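Peer 1: Here it is, the structure in full.
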Amino acid sequence: MNNPSPSSSPVVLDVWCELQCPDCDTALADLAALRARYGDRIDIRLRHFPLEKHKHAYDAAQAAEEAFAQGKGWPYVEAVLGRTAELAERGQPLLLDVARELGLDAEEFDTALIDGRHLLIVDADQAEGRAVKVTGTPTYEIGGELLDGSKDQTGLRERVEEIADRLLAGRDTPPAA
C-alpha cells in the first residue's frame with residue numbers, strides 16, 4: 003500500500019472562489035507566487051462559492067469542473083477570471099468560447115451544463131464554504147485558518163506563506179527516536 007506519510011503530503015490550500023468575481027481574478031497573482039515558491043509542497047484546491055449577485059457564477063463553476071474533467075481546469079479558471087466583465091455580459095456563450103480557445107470539447111461543456119453532471123461538486127463546495135463561515139471571495143483556508151480576502155487582500159499572501167512555512171517546518175522535523 004502506497005500511502006504518503008504526513009511529511010511527504012503537501013499542505014492543502016483551499017481557495018474559495020467564484021469565477022465572475024474580479025477580486026478572485028486579482029488573487030491569481032498570489033496563487034501563481036505560491037505555486038512558484040512551494041511547487042508540489044502545496045496543493046492549491048479550487049473550491050466553488052458562487053455568489054447570488056453574479057448571474058453566471060453558478061454556470062461558470064460547473065464549466066470549471068468540466069474543464070478539470072478534460073484536463074485543463076486551472077487554465078480554464080484563469081481564462082474565465084480574466085474576462086469577468088465579459089462573462090457578466092455574455093454568460094454561457096463566453097464559457098463555451100473559452101473552452102474552444104483552450105482546445106477543449108465545447109460540445110461536452112454544453113452538455114455538462116444541460117445535464118448538470120457537476121452540480122453536486124459545486125453544491126457541496128458551497129455548502130462546505132457556508133459551514134466553515136466563508137462569506138465572500140476569495141477566501142483561503144489553510145491549516146484550519148480561514149483568511150477572508152473578499153474586502154481586502156493586503157497581506158493575505160504573506161499570511162498564507164507564514165502558515166504554510168509553519169506547517170511545512172513541522173513536517174520537515176525528523177521523528178523522535
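Residue 3 is where the sequence shown starts when you use our numbering, and the numbers rise one by one after that.
In this text, a Cβ means the ideal position worked out from N, Cα and C, and glycines have one as well.
Treat the numbers as computed from the prediction; the structure is a model and nothing was measured.
1) Would Gln-64 and Leu-96 be called neighbours here (beta carbons separated by less than 9 Å)?
2) So, under 8 Å CB-CB, Val-79 and Leu-21 are touching, yes? Tell me the CB distance rounded to an integer number of Å.
3) Hey, Cys-19 and Ala-29: beta-carbon distance below 9 Å or not?
4) Gly-157 and Thr-139 - do their beta-carbons sit closer together than 9 Å?
5) Starting from Thr-141, follow the beta strand (DSSP E) in both directions and report where the run begins and ends.
6) Have a look at Arg-85 and Val-162 and give me their C-alpha separation to the nearest angstrom.
7) Within the continuous alpha helix (DSSP H) that includes Leu-83, where are the two ends?
8) How is the alpha helix (DSSP H) around Asp-125 delimited, first residue to last?
9) What is the rounded straight-line gap between the Cα of Asp-107 and the Cα of Gln-72?
Peer 2: In short:
1) no
2) Taking a contact as a CB-CB distance under 8 Å, the pair Val-79 and Leu-21 counts as one, their CB atoms being some 7 Å apart.
3) yes
4) The criterion of a C-beta distance shorter than 9 Å is not satisfied by Thr-139 and Gly-157.
5) From DSSP, the beta strand (DSSP E) with Thr-141 extends over 141-144.
6) 26 Å
7) 75-83
8) 121-133
9) 8 Å
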